[in-house]
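K.L.:
This is the structure I want to talk about, given as structure tokens.
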Amino acid sequence: MASNAHIRTGRLSQEELEENFADLHPPLSRSEALIEADRCYFCFDAPCTTACPTGIDIPGFIQKIRSDNLRGSANTILSENIMGGMCARVCPTEILCEEACVRNTHEEKPVEIGLLQRYSTDPVFESGDQLFERAPSSGKTIAIVGGGPAGLSCAHRLAVLGHDVVVFNRDSKLGGLNEYGIAAYKAINDFAQTEVDYILSIGGIEVRCNSTLGSDIELDELRQNYDAVFLGIGLAQSNNLGIAGEDLDGVFNAIEYISELRQAEDKSRLPVGSDVVVIGGGMTAIDVAVQSKRLGAEQVHIVYRRGPEQMSASVFEQALAQTSGVTIHHWASPARILGADHVTGVEFDTDSSEDGMRLAADVVFKAIGQRMDSSGIEEIATESGRFVVDIHQKTSLDGVWAGGDCVVGGDDLTVSAVQHGKIAALSIDQYLRDA
Amino acid sequence: MADLKTKFLGISSPNPFWLASAPPTDKAYNVNRAFEAGWGGAVWKTLGEDPPIVNVSGPRYSALHSNDRRVIGFNNIELITDRPLQTNLDEMRQIKKDWPDRALIASVMLPMHEESWAKYLPMIEDTGVDGFELNFGCPHGMSERGMGAAVGQVPEYIQMATEWAKKAASIPVIVKLTPNVASVVPPAKAAQNGGADAVSLINTINSIMRVDYDTLTMYPTTDGMGTHGGYCGEAVKPIALNMVAEIARTAETASLPISGIGGITNWRDAVDFLALGASNVQVCTAAMVYGFRIIDDLADGLSTFLDDKQLTLNQLVGKAVPSVTDWQYLNLNYVEKAVIDQDLCIKCGRCHVVCEDTSHQAITHTVNGERHFEVIDAECVGCNLCVSVCPVDSCISMERLVAGSDPRTGDAISDDKRNWTNHPNNPMRKAD
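So the protein lines, in turn, are chains A and B. Be aware that the first sequence starts at -16, since it is given in my numbering, and climbs by one per residue. Be aware that the second sequence starts at 603, since it is given in my numbering, and climbs by one per residue.
Here it is in structure tokens:
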């Protein structure tokens, strides 16, 4: 993002930035964790476990916290979800495990499962304590395209099962959206790379960065040279609004700005708008809006074409935006972006007024979703632009599995992508052993 | 507000809550603070012969904690007073003078020679104390020297020492019993036979708290070595209640007044002891965990309870004793089934899994494809396990079957009582 009269750097002091980008949910102390762990009822066939896309035995790991068996607790978590550390930070627990907690029935205060999961797993990532052991080598090698949560989960499980893996990654760093897409205050201290390092420390995973499918590597080649292929390529292209003014200076894809922010060495040197309008209703919209506000933008608006119930951002995320000073408008569709060279505002159609709504803006973020870049993979069956897979994450193409946001049913959650990668790895393992 | 004034063996106190003989009553400073806080009486820290004993200067206490570090159980290896006898006597005299309306009892532990009792008891009585408590209970340290529990475990010794004490004293004598016995009734009888005016119980229970997980030595230690201590606090209350009730319901000892001790922390605990036969109660651990101001809720809560029940304190004493019997007299024709209140149920499934794993497979987990926990009457034996583990108060209750037949056994529900003594399965049954 280039600077101009409105968009400038250094809106806030270094101290203000540090405060604004501190850990969103600070970790629990030991005594906090023990007391919170005591609140768990150790349910039979626990609803929280059912609600977890990776099926972590939540009462089991909490029981181990209660007895100070943190290594065992971390093992319970990470053996179902190798990204249990990141998920503890970024999972919308309020719509997953914590929503299912039986404590909600009478006290509306679920066990803080996310924070307990972080308490269990942090020591493992800090020390690098290796909890996993590789099975004897199978002599097979699997190509994984995409080093995001789905690809890394698949790679780790395959490595544990005794296979060798080569991960082809488009970006220069592994981690996918954990590295490039998640709000900075949700994963401080470069946790995404700490987690990547831990995953790779199992051994048997070779990483080739800056390798893009369709240009640097071809699917046919991978199918010929490897025993199986897993595609975890995410949704690489941002959707367009298709309205006038979209090409004006000052109109950006939210995902690209978040990526720039995540990679910034010094946040005070990031250009920040004064009046920011975000169009969209998902996590990305919230993340870019809240982060803009925390970087010092004066006015930040999120405008969503439907109501609060339809927003894919959780109630917690919506509240976070509002308490961070972001104004959320519902039932307003963007009609045109105004301005000569640089954006000056956005006009919206609304149900409530014939004149619609006009917001001043010097920066407009588009956060209306991404779509898959299907170059080089046209031969695999898709539906609504995503791969069709079976319950084992197998695509229509023999020897090719897929998971994460790029498959039908992908839901923009790290935890779901991890589960896809895990299921695919188990299926690939079975396939290779049956062969 | 119900009147809590108590006369125990003719000794008055403004309420039935005395501090037990222990560190909280070690010296005038503490006892003054206790009486200022409102305690009805104090049993002074046990006196012995000069020269005084010596305590360790390392850990004397350790606790069994919940995860939020609430003290559930407590253990100590402290001995009797380690101050010169005269120092204690001077302070006791002053306390009794300053607090004439409070009960002040002298706890004593002396060797098994009549001369000692004849020599010391009159000296102690001269301070103006209201009574004696003979410490036949401490299970650590002093018992190695032939005192404390070493006496309390041998009924003949109890009787002998009680007789010596009664001969030497003109004020009431309470005998404090140890729980480290197979049955508490023979020691109680021995005390009675020796002329004791009352018994107090329980003293602490032999215990080792845990090991140190780093050093793999017992915990705590003094210079690397440890010894068993006396266990007390909330965890021991059920053991104490049983012993109190045993004495209260045994014909020969039923008339023996009891001062109840063992884990009393709030007024409900006091109700337990009083209803099961104690005429007053003594408290130590709760004061050591929370300080003396707990007396406020103890007294206030008991008074409110008595008002609610429209009972006097004396009417409460022993109220529950007739309900305690031997197993063999329980009515085997009486049938209860657990009932789960579906409006209160939070669907944690704990009742199901414990019944499934460890009991009678009498609670569903799924009904019509839904997560649903419901008692299967045809399997339920009425054991109360589900009630005990349910995290929601009053969600599961036991309800009596009053008509028809028990779906589990097919037996008709009968108003007739049948217990083991006349049950057909009992080869030793008495004729109906």
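Ideal Cβ positions, reconstructed from N, Cα and C, are used throughout, including at glycine.
1) With 8 Å as the threshold, decide whether the Cβ of B:Arg952 is near any Cβ in chain A.
2) Using CA atoms only, rank isn't needed, just tell me which of A:Asp373, A:Asp249 and A:Glu204 is closest to A:Ala167.
3) Taking 8 Å as the CB-CB limit, is A:Val73 close to chain B?
4) From the DSSP output, in three-state form, read off B:Phe619 for me.
5) Compute the Euclidean distance between the alpha carbons of A:Gly159 and A:Val326, then round it to the nearest angstrom.
6) What's the gap between the Cα of A:Val383 and the Cα of A:Ile363?
7) Measuring alpha carbon to alpha carbon, tell me which residue in B:Gly642, B:Lys629, B:Asn634 and B:Asn632 is nearest B:Lys607.
8) Can you look up B:Leu706 in the DSSP assignment and give me helix, strand or coil?
9) Please go through the same chain and pick out, in chain order, the residues whose beta-carbon is closer than 6 Å to the beta-carbon of B:Phe610, but skip the five residues on each side of it.
10) Kindly identify the DSSP beta-bridge partner or partners of A:Ala321.
11) Going by DSSP in three states, B:Arg672 sits in which element: helix, strand or coil?
12) Buried or exposed: where does B:Thr819 fall if 16 or more other Cβ atoms within 10 Å of its Cβ makes it buried?
13) Mind pulling the chain B residues with CB within less than 8 Å of A:Leu17?
14) I want to verify the contact list: residues of chain A whose CB lies under 7 Å from the CB of B:Ile998, in sequence order.
15) Comparing the C-beta of B:Pro1026 with each C-beta of chain A, is any distance below 8 Å?
16) Checking 8 Å against the spacing of the C-beta atoms, do B:Gly828 and B:Thr780 come in under that value?
17) What are the start and end residues of each continuous alpha helix (DSSP H) run of 4 or more residues lying completely inside the region 919 to 1005 of chain B, in chain order?
18) Count Cβ pairs between the region 851 to 861 of chain B and the region 684 to 701 of chain B that sit closer than 8 Å; are there 3 or more?
19) With the cut-off set at 8 Å, would you say A:Gly197 and A:Ser379 are in Cβ contact?
20) Quick one, which residues of the region 813 to 844 of chain B are near chain A if we go by CB-CB under 8 Å, in chain order?
21) Counting only beta-carbon atoms, is B:Lys699 nearer than 8 Å to chain A?
22) According to DSSP, is B:Cys834 helix, strand or coil?
23) Does B:Pro890 come out as helix, strand or coil in the three-state DSSP assignment?
24) By the 10 Å Cβ neighbour count, where 16 or more other Cβ atoms means buried, how is B:Asn737 classified, buried or exposed?
25) How long is the line joining the alpha carbons of A:Cys389 and A:Glu361, rounded to whole angstroms?
26) Can you give the Cα-Cα distance for B:Val787 and B:Lys768, rounded to whole angstroms?
27) Just to confirm my understanding: we take B:Val989, look at its own chain, exclude 5 residues before and 5 after, and list those with CB closer than 8 Å. What are they?
28) Answer yes or no: do A:Ala118 and A:Gly97 have a C-beta to C-beta separation smaller than 8 Å?
29) Does B:Ile810 come within less than 8 Å of chain A when only Cβ atoms are used?
30) Is it buried or exposed, B:Ser668, if we count other Cβ atoms within 10 angstroms and call 16 or more buried?
31) Inspect the beta-carbon positions of B:Ala763 and B:Met714 and report whether they are closer than 8 Å.
32) Any C-beta of chain A sitting closer than 8 Å to the C-beta of B:His967?
33) Alpha carbon to alpha carbon, how far is B:Gln912 from B:Ile863? Give it in angstroms, no decimals.
34) Say whether chain B places a C-beta atom closer than 8 Å to the C-beta of A:Tyr24.
35) Got a sec? Which residues, its chain only, sit under 7 Å from A:Ile238 by beta carbon, not counting five neighbours each side?
36) So which residues on chain A does B:Ile948 lean against when the C-beta distance must stay under 7 Å?
P.N.:
Reading it off the structure:
1) Using a Cβ-Cβ cut-off of 8 Å, B:Arg952 counts as an interface residue toward chain A, since at least one Cβ of chain A sits closer than that to its own.
2) Closest by alpha carbon: A:Asp249.
3) Output row for A:Val73: interface = no.
4) Judged by DSSP in its simplified three-state form, B:Phe619 adopts strand.
5) Rounded to the nearest angstrom, the two C-alpha atoms are 30 Å apart.
6) Between the alpha carbons of A:Val383 and A:Ile363 lies a distance of about 9 Å.
7) Comparing Cα positions, the closest option is B:Gly642.
8) Three-state result, B:Leu706: strand.
9) For B:Phe610, where only same-chain residues beyond five positions count, the Cβ hits under 6 Å are Ser881 and Asn882.
10) Reading the sequence as shown, one finds Leu at residue 321 of chain A and not Ala. Beta-bridge annotation (DSSP): A:Leu321 is paired with A:Gly328.
11) In the structure shown, B:Arg672 sits in coil (DSSP, three-state: anything other than H, G, I, E or B).
12) Burial check for B:Thr819: the Cβ neighbour count within 10 Å stays below 16, so the residue is exposed.
13) Here the neighbours are Asn669 and Asp670.
14) Result: empty, since nearest Cβ-Cβ is about 14 Å, beyond 7 Å.
15) False, the Cβ-Cβ gap to chain A never drops below 8 Å.
16) No, they are not a contact pair.
17) Residue ranges of uninterrupted alpha helix (DSSP H) with 4 or more members, entirely inside the region 919 to 1005 of chain B and ordered along the chain, are 952 to 960 and 987 to 991.
18) No, the region 851 to 861 of chain B does not touch the region 684 to 701 of chain B.
19) Taking C-beta atoms as the reference points, A:Gly197 and A:Ser379 fail to come closer than 8 Å.
20) Of all residues in the region 813 to 844 of chain B, none has a Cβ within less than 8 Å of some Cβ in chain A.
21) The beta carbon of B:Lys699 does not come within 8 Å of any beta carbon belonging to chain A, so the residue lies off that interface.
22) Look at B:Cys834 here: in three-state DSSP terms it is strand.
23) According to the sequence provided, residue 890 of chain B is Met. The question's Pro does not apply to it. In the displayed model, B:Met890 falls within a helix according to three-state DSSP.
24) It counts as buried.
25) Near 13 Å, if we compare the C-alpha coordinates of A:Glu361 and A:Cys389.
26) The alpha-carbon of B:Val787 is positioned some 21 Å away from that of B:Lys768.
27) Once the five neighbours on either side are set aside, the close Cβ partners of B:Val989 are Ala940, Ile998, Ser999 and Met1000.
28) Judged by their CB atoms, A:Ala118 and A:Gly97 are not nearer to each other than the 8 Å cut-off.
29) Taking a beta-carbon distance threshold of 8 Å, B:Ile810 does not count as an interface residue toward chain A.
30) Counting Cβ neighbours within 10 Å, B:Ser668 comes out exposed, since fewer than 16 surround it.
31) Cβ atoms of B:Ala763 and B:Met714: closer than 8 Å.
32) Cβ-Cβ to chain A under 8 Å: yes for B:His967.
33) Straight-line Cα distance between these residues: approximately 25 Å.
34) Closer than 8 Å to some Cβ of chain B, the Cβ of A:Tyr24 qualifies, so yes.
35) Excluding five sequence positions before and after A:Ile238, the CB atoms of its chain that fall closer than 7 Å to its own CB belong to Gly164, Ser221, Thr267 and Gln353, given in chain order.
36) Ordered by position in chain A, the residues that pass the 7 Å Cβ test against B:Ile948 are Val85, Thr88 and His89.
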